[in-house]
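For the sequence shown, this note's numbering puts the final residue at 1347, and the numbers step up evenly by one.
Notes follow once the structure below has been shown.
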Amino acid sequence: MRRTVALLALCLAGLAGPALAECKLEKIADLPVTMRGLSPLVTADVDGVKVDFTVDSGSFFSLLSPAVAAKLGRKPGPLPPGMRVVGVNGRADGIGVVTVKVLDLGGVGGHDVEFLVGAGEMFPGAGGLLGQNVLRAADIEYDLANGMIRLWRSQGCSNAALAYWDPQGATVLRLDPTTSAAPHMQGMVTVNGVRLRAIFDTGAPLSSLSLKSAARAGVTPQSPQAQAGPEVGGIGVGRKPSWIAPFASFEIGGELVKNTRLLFADVDLRDAGMLIGADFFLSHRVYASKAERQLYFTYNGGPVFSLGAAPAPTPVAAATPAAPGRIVAGPEIASPNTPEGMREPTDAAGFSRRGSAYFARRDFPHAIADFTRAAELEPANAKHFYFRGQARLVSGQPVLGLADLNETLRLKPDDSDSLLMRAELYLRQGDEDRARRDFDSAIRAAPADSTPLMRRAAVYANTERFEPALGYYDQWIAQNPKDMRLHVALNGSCFMRAVLGRDLEGALADCDAALKLQPGGSGYLDSRALVHLRLGHVDEAIADYDAALKAQPKRAFTLYARSVARQRKGDQAGADADRAAAIAIDPKVADIAKRYGLES
């Protein structure tokens, strides 16, 4: 199996780039980028089929979803002897390989390109991902804030600043050597004064540190301002806990970010200590030179790292010279002004792409303005109304958001994403009949896609409609026994049965199966603990709650549920301590416990 793809072999005569001294740049391709959340998506032609790919500079190889492989008529073959696929959570099993005849990426062709294929759907919103076996074939410019990735070829540029848009002001970082076996972009950064090796990973939505590296930088889960973050996963078995905490400084190539918040997780980054994710790439324009082993970047403005909603808008100074480098934000807060790196589009597609970049940065007013301009230029294009509706709903404008979804579905009645979004909105508003019709229509519109039914189950569960949610989880499990998201549905089924107090032995079997597929998931331990509590297995319940709280010590409901278990065990002091801690985190947790039947 080849470890590289000669992507440029068929098309090297690009548009002439800017002349930089004796350096010559040839632009090979423009790849329009749409941000799906914090994931950069590009469209490629794979054997005549249009496929949306997540651009994942942190993946050593490219992947296709099983659904796309099946559509192409490709049956995955075994990996070569001795080859294995390992992610941040460990080894991934059930991976095969397929070869596509032609990959056309922005007019650049590659023949006989190999892709890994997983045992289930791994790419929400995309048909696969483009990894380093494709990406490292050329220099790459990541201009995500303006909705574009560009492929370049450079010649004679050893003394040139390849950030051609700002050659005097760009920051330069030396990259580690790469090979086909170790192709990741890596370089040194400094966090709280501690030097760490970082992987530049556009496939990671948020920049993050490993647990060990955060500890080296003086931050642990027990730090005073540390908060529980989402469980993190990826290719490989298991979900790992994460935390979010303040860090005094982050420095990269002389650019300094002060008083920021970063995520850190109990993951194995091998020789690295940090992932530089898509949030950093959105706040910077980046040029990665393969030949020169250099990363050139300039700051666009706004927050460098994205962790939830930004604070109230307060102006920050633009980057200015300051020894030893440039301070880009301190404290890091969002600017109410248009980021310096965002340029004015010239067509509807450009406004839509820039709008998706604003949306990813949680700058909803600018996103809505750009989607509005795109809709004005292309009033028959349903996606502009869909994107604007999404931005309006997230920013607390349900009436206008619903109007946009209605217009989307008038233009494209079978748009599954819009039907799902409108169904969820109807359900949260209490309009059960319209929600049911939209969910049914979304499932009919995408009969080969298991996502609509999974989302239906999750929405009913999140709105505490436990009875129908259980039915939808069971239906999904029966229809998708080999999907990689099976553990999610098994946990959902387990928790619904625990809350309803129904078929508790079956619930226990579902939770055990979920934990076998994803060992150590604190949410799954929490579900199983509730089943044990219902069954009267107090010791087992306390053991599972202890394990869940070890990973996420500030989860209010878990603390409260353990207080009930401890009280039944006769440990009144422990029960009182847990209950007080839970209420301090969430004063409404007792009401939730009553609705879940923990207490009368």
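Ideal Cβ placement from N, Cα and C applies to all residues, glycine included.
Computed from a prediction, not measured in an experiment: that's the story for all the values here.
#1: Is the Cβ-Cβ distance between S970 and G1020 less than 7 Å?
#2: Quick one: what does DSSP say L943 is sitting in, helix, strand or coil?
#3: Thinking just about the alpha-carbon of each residue, which of T1007, G1248, A1236, Y1271 is nearest to the one in S955?
#4: On the DSSP letters alone, give me the boundaries of the beta strand (DSSP E) that N1006 sits inside.
#5: Write down the C-beta distance between A973 and S989 rounded to the nearest angstrom, noting that I regard them as a contact closer than 8 Å.
#6: With R1032 as the anchor, note down where its beta strand (DSSP E) starts and where it stops.
#7: Would you decide whether E1091 is buried or exposed? Buried here means 16 or more other CB atoms lie within 10 Å of its CB.
#8: Would the stretch 996-1010 count as touching the stretch 1293-1303 if we require 3 or more Cβ pairs under 8 Å?
#9: Under the criterion of a Cβ to heavy atom distance below 6 Å, does D777 qualify as lining the ligand ATP?
#10: With distances taken from CA atoms, which of L778, E978, Y1133, D1164 is nearest T801?
#11: What do you get for P825, buried or exposed, if any count of 16 or more other CB atoms within 10 angstroms of its CB means buried?
#12: Run through the DSSP bridge pairs and tell me what G1151 is partnered with.
#13: State the start and end residues of the unbroken beta strand (DSSP E) segment that holds P993.
#14: Quick check: what's the CA-CA separation for H1279 versus V815?
#15: Just to confirm the assignment, what range does the beta strand (DSSP E) spanning E1179 have?
#16: If you draw a straight line from the alpha carbon of S1082 to that of P1050, how long is it in whole angstroms?
#17: Does DSSP put C904 in a helix, a strand or coil?
#18: In angstroms, rounded to a whole number, what distance separates the CA positions of D890 and L1264?
#19: Quick check: the Cα distance between R717 and A885, rounded to an integer number of angstroms?
#20: With DSSP as the reference, please indicate the residues paired to M1420 in a beta bridge.
#21: For P779, report the span of its beta strand (DSSP E) as first-last.
#22: Answer with buried or exposed for G1267, where buried requires no fewer than 16 other C-beta atoms within 10 angstroms of its C-beta.
#23: Any idea if A1225 is buried or exposed, counting beta-carbon neighbours within 10 angstroms, 16 or more meaning buried?
#24: Just the Cα atoms here: how many angstroms apart are G1024 and A1035?
#25: Exposed or buried, which one is E769 when buried takes at least 16 other CB atoms within 10 Å?
#26: From the DSSP secondary-structure annotation, give me the bridge partner or partners of Y1307.
#27: Alpha carbon to alpha carbon, how far is A1107 from Q1041? Give it in angstroms, no decimals.
#28: Tell me, to the nearest whole angstrom, how far the beta carbon of D1358 is from that of S804; I am working on the premise that it is less than 8 Å.
#29: Do you know offhand how far G854's Cα is from A776's?
#30: Less than 8 Å between the CB atoms is what I'm expecting for G894 and V780, so what's the real figure, rounded?
#31: Tell me E1123's beta-bridge partners as DSSP assigns them.
#32: Look up H1234 in the DSSP assignment and say whether it is helix, strand or coil.
#33: DSSP on K1335, reduced to helix/strand/coil?
#34: Once the 5 residues before and after A1192 are set aside, which same chain residues still bring their CB inside 6 Å of it?
This is what the structure holds:
#1: Working through the sequence shown from its first residue, we reach residue 970 at position 223. Working through the sequence shown from its first residue, we reach residue 1020 at position 273. No, the pair does not count as a contact, with Cβ atoms beyond the cut-off.
#2: For this step, residue 943 is matched to residue 196 along the sequence shown. Of the three classes helix, strand and coil, the one that applies to L943 here is strand, per DSSP.
#3: Looking up residue 955 in the sequence shown gives position 208. Among T1007, G1248, A1236, Y1271, the Cα nearest to that of S955 belongs to T1007.
#4: Taking the first residue of the sequence shown as 1, we reach residue 1006 at position 259. 1002-1012 is the span of the beta strand (DSSP E), which, as asked, contains N1006.
#5: Position 226 of the sequence shown, counted from the start, is the residue given in the question as residue 973. Position 242 of the sequence shown, counted from the start, is the residue given in the question as residue 989. Their Cβ separation, rounded to whole angstroms, is 10 Å, which puts A973 and S989 out of contact at 8 Å.
#6: In the sequence shown, the residue the question calls residue 1032 occupies position 285. That run of the beta strand (DSSP E) goes 1031-1036.
#7: Position 344 of the sequence shown, counted from the first residue, corresponds to residue 1091. That one is exposed.
#8: no
#9: No copy of the ligand ATP appears in this structure; indeed no ligand is present at all.
#10: Along the sequence shown, read from residue 1 onward, the residue named residue 801 stands at position 54. Here the closest residue by C-alpha is L778.
#11: In the sequence shown, residue 825 corresponds to position 78, counting from 1. It counts as exposed.
#12: By one-based count along the sequence shown, residue 1151 stands at place 404. As written in the sequence, residue 1151 is Asp, which differs from the Gly given in the question. D1151 pairs with nothing; no bridge assigned.
#13: Numbered from its first residue, the sequence shown carries residue 993 at position 246. Element bounds for P993: 989-999.
#14: For this step, residue 1279 is matched to residue 532 along the sequence shown. For this step, residue 815 is matched to residue 68 along the sequence shown. Using only the alpha carbons, I get a separation of about 41 Å.
#15: In the sequence shown, the residue the question calls residue 1179 occupies position 432. Counting along the chain, E1179 falls outside any beta strand (DSSP E), though it belongs to the alpha helix (DSSP H) covering 1179-1192.
#16: As a position in the sequence shown, residue 1082 is number 335, starting the count at 1. As a position in the sequence shown, residue 1050 is number 303, starting the count at 1. Model confidence at S1082 stands at a pLDDT of 35, short of 50, so the residue's coordinates are unreliable and nothing is read from them.
#17: To locate residue 904, count along the sequence shown from 1; it is residue 157. Reduced to three states, the DSSP call for C904 is coil.
#18: As a first step, residue 890 is located in the sequence shown; it is residue number 143 there, counting from the start. As a first step, residue 1264 is located in the sequence shown; it is residue number 517 there, counting from the start. About 38 Å.
#19: Past the edges of the chain, shown from 748 to 1347, lies residue 717, and the structure says nothing about it.
#20: Since the displayed the chain opens at 748 and closes at 1347, residue 1420 lies outside it and no answer follows.
#21: Counting from one through the sequence shown, the residue named residue 779 turns up at place 32. Segment 770-779, the beta strand (DSSP E) holding P779.
#22: As a working mapping, residue 1267 is identified with position 520 in the sequence shown. So G1267 counts as buried.
#23: Within the sequence shown, the letter at position 478 stands for residue 1225. Answer is exposed; the Cβ neighbour count stays below 16.
#24: Within the sequence shown, the letter at position 277 stands for residue 1024. Within the sequence shown, the letter at position 288 stands for residue 1035. The straight-line gap from Cα to Cα measures roughly 15 Å.
#25: Along the sequence shown, read from residue 1 onward, the residue named residue 769 stands at position 22. So E769 ends up on the exposed side.
#26: Position 560 of the sequence shown holds residue 1307. In the DSSP output, where bridge partners are listed per residue, Y1307 has none listed.
#27: Here residue 1041 refers to the residue found at position 294 when the sequence shown is read from its first residue. Here residue 1107 refers to the residue found at position 360 when the sequence shown is read from its first residue. Cα-Cα distance, rounded: 27 Å.
#28: Nothing can be reported for residue 1358, as the shown portion of the chain is limited to 748 through 1347.
#29: Your numbering for residue 854 matches position 107 in the sequence shown. Your numbering for residue 776 matches position 29 in the sequence shown. Roughly 7 Å separates the two Cα atoms.
#30: Your numbering for residue 894 matches position 147 in the sequence shown. Your numbering for residue 780 matches position 33 in the sequence shown. Confirmed, about 5 Å.
#31: Here residue 1123 refers to the residue found at position 376 of the sequence shown. BP columns for E1123 are empty, so no partner.
#32: Start at 1 with the first residue of the sequence shown, and residue 1234 comes out as number 487. Here H1234 sits in helix by DSSP.
#33: Looking up residue 1335 in the sequence shown gives position 588. Three-state DSSP puts K1335 in coil, outside helix and strand.
#34: Counting from one through the sequence shown, the residue named residue 1192 turns up at place 445. Closer than 6 Å at Cβ, skipping near neighbours: D1161, S1163.
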